[in-house]
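Numbering that gives the first Met the number 0 puts the first residue of the sequence shown at 0, with every later residue one more than the last.
Glycine included, C-beta positions come from ideal geometry on N, C-alpha and C.
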Amino acid sequence: MKKTDKKPSPLAHVLAVLSWIAVLVLWACAAGIRIHPPENFKILGLAGFAFPFALAAVLGMGLLCLICRPRMIWITLLGLLGCISTLRDFFPINLSSPPPKGCLKVMTYNVLGFNNWERDEDGKLVIPRYLLSVKPDIIALQESGNESKEKRKEVEQELKKGGYHIEWAEQEKLSMACVSRFPIVKQETVCNHYYNGATAFFLLTAPRDTLIVINVHLQSMGLSQEDRKNYKQIVMNPKDADEVKGKRTIIKKIVNATYERAHQADTVANYVARHDDKKIILMGDINDTPVSYTHHRFTENLTDVYRATGNGFGRSFHLDAIYVRIDHIFCSSHFKPFSARVDQTVPFSDHYPVTVYLKEQRNTTATR
Numbered sequence: 000m001k002k003t004d005k006k007p008s009p010l011a012h013v014l015a016v017l018s019w020i021a022v023l024v025l026w027a028c029a030a031g032i033r034i035h036p037p038e039n040f041k042i043l044g045l046a047g048f049a050f051p052f053a054l055a056a057v058l059g060m061g062l063l064c065l066i067c068r069p070r071m072i073w074i075t076l077l078g079l080l081g082c083i084s085t086l087r088d089f090f091p092i093n094l095s096s097p098p099p100k101g102c103l104k105v106m107t108y109n110v111l112g113f114n115n116w117e118r119d120e121d122g123k124l125v126i127p128r129y130l131l132s133v134k135p136d137i138i139a140l141q142e143s144g145n146e147s148k149e150k151r152k153e154v155e156q157e158l159k160k161g162g163y164h165i166e167w168a169e170q171e172k173l174s175m176a177c178v179s180r181f182p183i184v185k186q187e188t189v190c191n192h193y194y195n196g197a198t199a200f201f202l203l204t205a206p207r208d209t210l211i212v213i214n215v216h217l218q219s220m221g222l223s224q225e226d227r228k229n230y231k232q233i234v235m236n237p238k239d240a241d242e243v244k245g246k247r248t249i250i251k252k253i254v255n256a257t258y259e260r261a262h263q264a265d266t267v268a269n270y271v272a273r274h275d276d277k278k279i280i281l282m283g284d285i286n287d288t289p290v291s292y293t294h295h296r297f298t299e300n301l302t303d304v305y306r307a308t309g310n311g312f313g314r315s316f317h318l319d320a321i322y323v324r325i326d327h328i329f330c331s332s333h334f335k336p337f338s339a340r341v342d343q344t345v346p347f348s349d350h351y352p353v354t355v356y357l358k359e360q361r362n363t364t365a366t367r
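Written out as structure tokens, the structure is:
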């Protein structure tokens, strides 16, 4: 007597179709960040923003498959394997990497105008005091305040007590600075657009040995306080997103900002490529996630130190519903990174500082 083949149930068909749809969307998001958003299709720039939601959909379908049809979990596993590199950008997992002796301690910190020039009980500015306490060798500051020469002078005097040199970016309305234990011999404007842009600072780390520190603060979303409140509501309660007022305006602002940021990223990445024989540290508030065109462009020639040695999401902006890392540090292959972390205990700004230890290596081949 012949056995009749058991036909897949309708439920199995539905699970397979939905699982594949989720996987294909996830792959499309991972691939989309490698494409500069065209002017007539700027919405392509949102591929990176959609990645977490696509990932949640894939994992959700995987859970359903485990409950209803365990054998179909292979679709989910294949989907995750197909974008493993992007997943490592998004949520890196690394073994502990304590820094060896002789490392540079490097920090990037958006200081929010020195937290509106907040002072401690002794009347001293709290952020310079914090920087002196953690003792980085090189610090890139964004939103460092450019409205008061007297206050800048106070910051300089405080940091000089710790043996630091400081140079402010000589750009109109762009508020950033480089703080270094090494002499800063010159600076160059890489790009500048109102309050956003990038400046390269040249540090003399030894006789005839120059390190280029590129401090970046790229295009922000430009959302108002009301926009941010509504954006958070959309992210936290997507089912009620249709009821949120002004959501089209929010999306339009994000799309336009992503498009402008892509152009800035190209300018900075091209500058790095022209100096690919030099020691480079690129860091700052790029206002973009680890899954983005901006991040992709920077990692074409540089190493993302957090991906290489950090763990978890590394949330660096603690307002609204932005749960990812938007402050980053990248280094050239002249360095090997150790112990990258986001210090989420520091309360002085709406951003957390990001630190890493960099060991200069003779062999300039690094894993990106």
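Quickly, what does DSSP pair residue 284 with across the bridge? List them, please. 216 and 326
What is the DSSP secondary structure of residue 371, counted as helix, strand or coil? As shown, the chain starts at 0 and ends at 367. That puts residue 371 outside it, with no answer to give.
List the endpoints of the continuous alpha helix (DSSP H) containing residue 28. Residue 28 -> alpha helix (DSSP H) spans 9-31.
Using C-beta distances below 6 Å, list every residue in its chain close to residue 106, excluding the 5 sequence neighbours before and after it, in chain order. 135, 138, 352 and 354
Can you tell which of 277, 148 and 326 has its C-alpha closest to the C-alpha of residue 293? The residue with the shortest Cα to Cα distance from residue 293 is 326.
On the DSSP bridge list, what partners appear for residue 179? Its beta-bridge partners are 137 and 164.
Return the chain-ordered list of same chain residues with a C-beta closer than 8 Å to the C-beta of residue 314, the five sequence neighbours on each side being excluded. 321, 322, 323, 324, 341, 343 and 351
Would you call residue 278 buried or exposed, if buried means 16 or more other Cβ atoms sit within 10 Å of its Cβ? buried
Can you tell me which of the three DSSP states residue 39 falls into? helix
If you check the beta carbons only, do residue 111 and residue 157 fall under 8 Å apart? no
Cα separation between residue 159 and residue 306? 33 Å
Please go through the same chain and pick out, in chain order, the residues whose beta-carbon is closer than 7 Å to the beta-carbon of residue 122, but skip the five residues on each side of it. Nothing listed; no residue qualifies.
In angstroms, rounded to a whole number, what distance separates the CA positions of residue 108 and residue 37? 32 Å
If we ignore side chains and look at the alpha-carbon of each, how far apart do residue 365 and residue 298 end up? The pLDDT assigned to residue 365 is 45, lower than 50, so where the model puts this residue is not dependable; a value taken from the coordinates is nonetheless given after this. Their Cα atoms are separated by approximately 12 Å.
With a cut-off of 8 Å, does the C-beta of residue 49 fall near any C-beta of chain C? In the structure shown, chain C does not exist; there is a single protein chain.
Let's test the definition: count the other Cβ atoms within 10 Å of the Cβ of residue 367 and tell me whether it reaches 16, buried, or not, exposed. Summary for residue 367: the model assigns pLDDT 44, below 50, so the residue's position carries little reliability; its value from the coordinates is reported in the next sentence. With fewer than 16 other Cβ atoms within 10 Å, it is exposed.
Report the rounded CA-to-CA distance for residue 72 versus residue 291, giving the unit in angstroms. Spanning the two alpha carbons is a distance of roughly 28 Å.
C-alpha distance - residue 44 paired with residue 247, whole-angstrom precision: 16 Å
Taking contact to mean at least 3 C-beta pairs separated by less than 8 Å, is the stretch 159-174 in contact with the stretch 184-202? Yes: at least three Cβ pairs fall under 8 Å.
Since residue 105 is in the beta strand (DSSP E), which residue starts that stretch and which ends it? Per DSSP, residue 105 belongs to the beta strand (DSSP E) from 103-109.
By a C-beta neighbour count over all protein chains shown, 10 Å radius and 16 as the cutoff for buried, is residue 83 buried or exposed? Counting of Cβ neighbours within 10 angstroms places residue 83 among the exposed residues, the total staying below 16.
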